[in-house]
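Peer 1:
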Amino acid sequence: MSILNKLCNSNLIDNHIMWKYLSILILAVAITARIFQFIFHKDLWLDEAMLSAALYEIDFSDIFFSPLPYTQAAPFGFLAVIKLACLLFGYSEYSLYFFPLICGIASLILSLKIANKIYGGGGGDCLSCAFVAICAGSLGLIHYSTEFKQYGIEAFVAFLLTYIYVSGKNFKIFSLFSVILIFFSNTIIFIIFGFFCAYLYRNIYNLKSFISKNFLYILVIPFVFIIYYLGYIRYQAVSGFYEYWDNFFLPHDILSYPKFISEVLLDIFVGYTPFGKTRVLPIYIHFYIGFILAILQLQRYICSLYCDPSYCYTS
């Protein structure tokens with residue numbers, strides 16, 4: 009973090025125009041790379057082929073209350089959008105990859121907007137550019153922007169909810185988007201809960217008023233998720249998934265943790281680095297620390313807008 013501070017105090021780092029256009033340039037290159045991947049796409053690999061076969065063989069009426077064939081699972085919204093695209097434009101790799109491509113590009117645009125909200129202004133522009141570069145070069149985000157799997161869409165909905173929160177939108181807007189996005193991500197409920205806690209913290213000094221004004225909007229999220237879970241998600245939990253994902257859960261034996269961290273946890277983080285390079289992990293760790301500190305600073309600023317100044321935490 010001290011290195012970042014020294015950099016951000018230099019005249020070069022304070023060059024707002026340079027960092028702004030550099031961020032846009034990085035974004036343009038990243039979008040071009042994703043479009044190139046879409047046009048000159050690879051063939052479907054086994055997992056994609058099985059999911060596409062499952063999508064081709066089932067009707068919309070058969071999606072609920074039963075697992076997908078070939079030990080596959082994906083959010084209903086993801087399947088519905090691509091199924092509709094295939095019915096309109098025919099079954100091809102382009103139809104399968106188009107929705108992930110759009111979400112991949114949208115994630116990049118949101119990364120710039122999020123960075124500007126958190127870091128924008130003064131020396132923070134260099135951090136905005138760094139954040140955009142990390143998202144643009146992330147091996148996972150590049151790969152899943154043209155992959156017939158739901159993971160690129162999962163990333164997009166996470167970016168979207170993050171942007172809604174950091175831009176200071178009220179909880180009603182957040183709730184309405186959350187209800188829609190639940191159908192596009194099986195994991196978004198955890199992110200929603202995290203941001204719900206953040207909204208509670210933002211309104212810590214007028215908590216009763218916040219809950220009373222948003223009571224129905226608070227209830228509608230778990231209500232919709234429970235219905236979705238009972239009608240769709242729980243039927244996808246077949247034994248094959250338990251066997252595959254078992255190694256990714258925290259081990260019960262404390263002596264197994266060094267192996268788990270080195271072989272599983274760090275390997276997961278490597279997937280978020282540009283081109284999967286392990287040696288850049290320390291840079292990422294420093295950046296994430298700076299990201300968290302910037303979030304806290306933003307929280308204080310938002311608090312000053314929404315709370316009684318005499319009660320806000322400003323120290």
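Residues 9 to 323 in our numbering are what the sequence shown spells out, letter by letter.
Heads up, the beta-carbon is just placed ideally off N, CA and C, and yes, glycines get one too.
Here the structure is a predicted model, which means the values were calculated and not measured.
1) Using the DSSP secondary-structure output, state which residues sit across from Leu76 in a beta bridge.
2) When you compare only the Cα positions, how much space is there between Phe156 and Val187?
3) Which residue comes first and which comes last in the alpha helix (DSSP H) that contains Gln45?
4) Drop a sphere of 10 angstroms on the beta-carbon of Ile200, count the other beta-carbons inside from all chains shown, and report buried for 16 or more, exposed for fewer.
5) Given a threshold of 16 other Cβ atoms within 10 Å of its Cβ, counted over all protein chains shown, does Asn255 qualify as buried or as exposed?
6) Is the beta carbon of Lys91 sitting closer than 8 Å to the one on Phe106?
7) Classify Ser146 as helix, strand or coil using the three-state DSSP reduction.
8) If Glu83 sits next to Phe192, beta carbons under 8 Å apart, how far is it from one beta carbon to the other, in whole angstroms?
9) Answer yes if the stretch 105 to 124 comes into contact with the stretch 160 to 169, meaning at least three C-beta pairs across the two stretches below 8 Å, and no otherwise.
10) In chain order, what residues of the same chain lie with their CB nearer than 8 Å to the CB of Tyr173, ignoring the 5 residues before and after it?
11) Drop a sphere of 10 angstroms on the beta-carbon of Ile235, count the other beta-carbons inside from all chains shown, and report buried for 16 or more, exposed for fewer.
12) Determine the burial state of Gly298: buried for a count of at least 16 other Cβ atoms within 10 Å of its Cβ, exposed for fewer.
13) If you follow the alpha helix (DSSP H) that Asp55 is part of, which residue opens it and which one closes it?
14) Exposed or buried, which one is Ala81 when buried takes at least 16 other CB atoms within 10 Å?
15) Output the distance between the C-alpha atoms of Tyr209 and Leu215, rounded to the nearest integer angstrom.
16) Using the C-alpha atoms, what's the distance from Ala245 back to Leu189?
17) Rounded to whole angstroms, what's the CA-CA distance from Phe218 to Lys180? Just pull it up for me.
18) For Asp51, count neighbouring C-beta atoms within 10 Å of its own C-beta (all shown protein chains included) and say buried if the count is 16 or more, exposed if not.
19) For Glu56 and Leu104, what's the separation of their Cα atoms in angstroms?
20) Tell me which residues share the same chain as Tyr265 and place their Cβ nearer than 7 Å to its Cβ, disregarding the 5 neighbours each side in the sequence.
21) With distances taken from CA atoms, which of Lys221, Cys134, Val272 and Thr195 is nearest Ile241?
22) Could you give the uninterrupted runs of the alpha helix (DSSP H) lying entirely in the stretch 219 to 266, keeping only those of 4 residues or more?
23) Starting from Glu101 and walking both ways along the alpha helix (DSSP H), at which residues does that stretch end?
24) Can you tell me whether Ser193 is helix, strand or coil according to DSSP?
Peer 2: Let me lay it out:
1) Here residue 76 refers to the residue found at position 68 when the sequence shown is read from its first residue. Answer is Gln80.
2) Sequence index remark: in the sequence shown, residue 156 carries index 148 (1-based). Sequence index remark: in the sequence shown, residue 187 carries index 179 (1-based). In a straight line, the C-alpha of Phe156 is about 24 Å away from that of Val187.
3) Residue 45 sits at position 37 when you count from the first residue of the sequence shown. Where Gln45 is concerned, the enclosing alpha helix (DSSP H) stretches over His24 to Ile47.
4) The residue labelled residue 200 in the question sits at position 192 within the sequence shown. Buried, since its Cβ has 16 or more Cβ neighbours within 10 Å.
5) Counted from its first residue, the sequence shown places residue 255 at position 247. Classification of Asn255: exposed, given that the 10 Å Cβ count is below 16.
6) Here residue 91 refers to the residue found at position 83 of the sequence shown. Here residue 106 refers to the residue found at position 98 of the sequence shown. Not closer than 8 Å, so no.
7) Counting from 1 along the sequence shown, the entry for residue 146 is found at position 138. If DSSP states are grouped into helix, strand and coil, Ser146 belongs with the strands.
8) Within the sequence shown, the letter at position 75 stands for residue 83. Within the sequence shown, the letter at position 184 stands for residue 192. According to the sequence provided, residue 83 is Pro. The question's Glu does not apply to it. Yes, they are in contact, since the Cβ atoms of Pro83 and Phe192 sit about 5 Å apart, within 8 Å.
9) yes
10) Residue numbering aside, residue 173 sits at position 165 when the sequence shown is read from its first letter. Excluding residues within five positions, the ones whose Cβ falls inside 8 Å are Phe182, Phe203, Ala206 and Tyr207.
11) As a first step, residue 235 is located in the sequence shown; it is residue number 227 there, counting from the start. The residue is exposed, with fewer than 16 neighbouring Cβ atoms inside 10 Å.
12) Position 290 of the sequence shown holds residue 298. Its Cβ being crowded by 16 or more others within 10 Å, Gly298 is buried.
13) As a first step, residue 55 is located in the sequence shown; it is residue number 47 there, counting from the start. Here the alpha helix (DSSP H) through Asp55 covers Leu54 to Glu65.
14) Working through the sequence shown from its first residue, we reach residue 81 at position 73. With 16 or more Cβ atoms within 10 Å of its Cβ, Ala81 is classed as buried.
15) Residue 209 sits at position 201 when you count from the first residue of the sequence shown. Residue 215 sits at position 207 when you count from the first residue of the sequence shown. Approximately 8 Å, taken between the alpha carbons.
16) Taking the sequence shown and counting its residues from 1, the one referred to as residue 189 is at position 181. Taking the sequence shown and counting its residues from 1, the one referred to as residue 245 is at position 237. Between Leu189 and Ala245, the C-alpha separation is close to 20 Å.
17) One-based indexing of the sequence shown puts residue 218 at position 210. One-based indexing of the sequence shown puts residue 180 at position 172. CA-to-CA, the gap between Phe218 and Lys180 works out to about 11 Å.
18) Within the sequence shown, numbered from 1, the residue matching residue 51 stands at position 43. By the neighbour-count definition (other C-beta atoms within 10 Å, threshold 16), Asp51 is an exposed residue.
19) Sequence index remark: in the sequence shown, residue 56 carries index 48 (1-based). Sequence index remark: in the sequence shown, residue 104 carries index 96 (1-based). For Glu56 and Leu104, the distance between alpha carbons rounds to 9 Å.
20) The residue labelled residue 265 in the question sits at position 257 within the sequence shown. Result list for Tyr265: Pro259, in chain order.
21) Locating residue 241 in the sequence shown gives position 233, counting from the first residue. Looking at the Cα atoms, Thr195 is the closest of the given residues.
22) 223 to 239 and 247 to 253
23) Walking along the sequence shown from the start, residue 101 turns up at place 93. Looking at the DSSP string, the run of the alpha helix (DSSP H) that includes Glu101 is Glu101 to Tyr127.
24) Residue mapping note: residue 193 aligns to position 185 of the sequence shown, counting from 1. It is coil, neither helix nor strand.
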